[in-house]
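Protein chains in written order, with the working numbering: chain A, 1 to 137; chain B, 138 to 248.
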């Protein structure tokens, strides 16, 4: 290929309406996957704020924890959890495509690689739960 | 083909690391923080957040998925027709993640 770039004004650029992702189910699911990162980030910021309350003493931390027991916050965490699980599953599925695993000459089927990721996910989650229960005061 | 150097691989690396952290670790933390603690299944006074290695773990848990968000949100907004202002979006998204990292470090050092 030569090093010269074509004149940008002569390139064909199809016009996409801003709502193109509403036109097909697979496009919509793609956009949901992208938006899962928003809810994951929002959750982490709320979590950080809860940890910040500790700098004002354990009472502030406990009272913020109790504040999260309201229908609005429970709904927020429910939505965040659904998006987070959707991110996990789609991430493990795409990891199986991006990082194919070979056993000798043979390629391990994608479904098995995804299932192994999910197995590691469950073990790590249980590990976090056990550590939290062991360390909580 | 162009051989222009970009910072894309750097941001993609952070995006990818954040995606891994979010996929493996975030759901169980939502269960704990969003349900187990508020609903009283578990009682906690937060003493564990003063342990140094817990702080390092939390720094990774909170900061890396912010870069994952920055990357995905930046490209999602571009795809939704905001490409004309993509420079401003890049500053907002990646700058937001950098500020978030600094705030996370500050909070964890403070408690």
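Backbone N, C-alpha and C fix where the C-beta goes; we use that ideal spot for every residue, glycine too.
No experiment lies behind these values; they were computed from the predicted model shown.
Check residue 5 of chain A in the structure and name its three-state DSSP category. coil
Can you tell me the Cα-Cα spacing of residue 138 of chain B and residue 5 of chain A, whole angstroms? For residue 138 of chain B, the pLDDT reaches just 49, beneath the cut-off of 50, and the residue's location in the model is therefore unreliable, leaving the point undetermined.
8 Å is my cut-off, CB to CB: does residue 247 of chain B come that close to chain A? yes
For residue 55 of chain A, go through chain E and note every residue whose CB falls closer than 9 Å to its CB, in chain order. Among the chains of the structure shown, chain E does not appear; the protein chains present are A and B.
Does residue 58 of chain A have its Cβ less than 8 Å from a Cβ in chain B? yes
Out of B:224, B:233 and B:192, point me to the one whose CA is closest to residue 244 of chain B's CA. B:192
Distance check for residue 114 of chain A and residue 163 of chain B, CA to CA, integer angstroms please. 18 Å
Between the stretch 80 to 93 of chain A and chain B, which residues of the former have a C-beta closer than 8 Å to a C-beta of the latter? 80, 81, 84, 85, 87, 88, 91 and 92
Would you list, in chain order, the members of the stretch 147 to 166 of chain B that have their beta-carbon closer than 8 Å to a beta-carbon of chain A? 156, 157, 159, 160, 161, 162, 163, 164, 165 and 166
Within chain A, the residues that residue 213 of chain B reaches when beta carbons sit closer than 8 Å: 31, 34 and 35
Taking a contact to mean a Cβ-Cβ separation below 8 Å, would you say residue 35 of chain A touches residue 213 of chain B in this structure? yes
Which whole-angstrom value describes the C-beta separation of residue 91 of chain A and residue 156 of chain B, a residue pair presumed to lie in contact below a C-beta threshold of 8 Å? 6 Å
Taking 6 Å as the limit between beta carbons, can you name the residues of its chain near residue 86 of chain A, skipping five residues before and five after? 36
Neighbourhood of residue 88 of chain A by C-beta distance below 7 Å, restricted to the same chain and skipping five residues each side: 121
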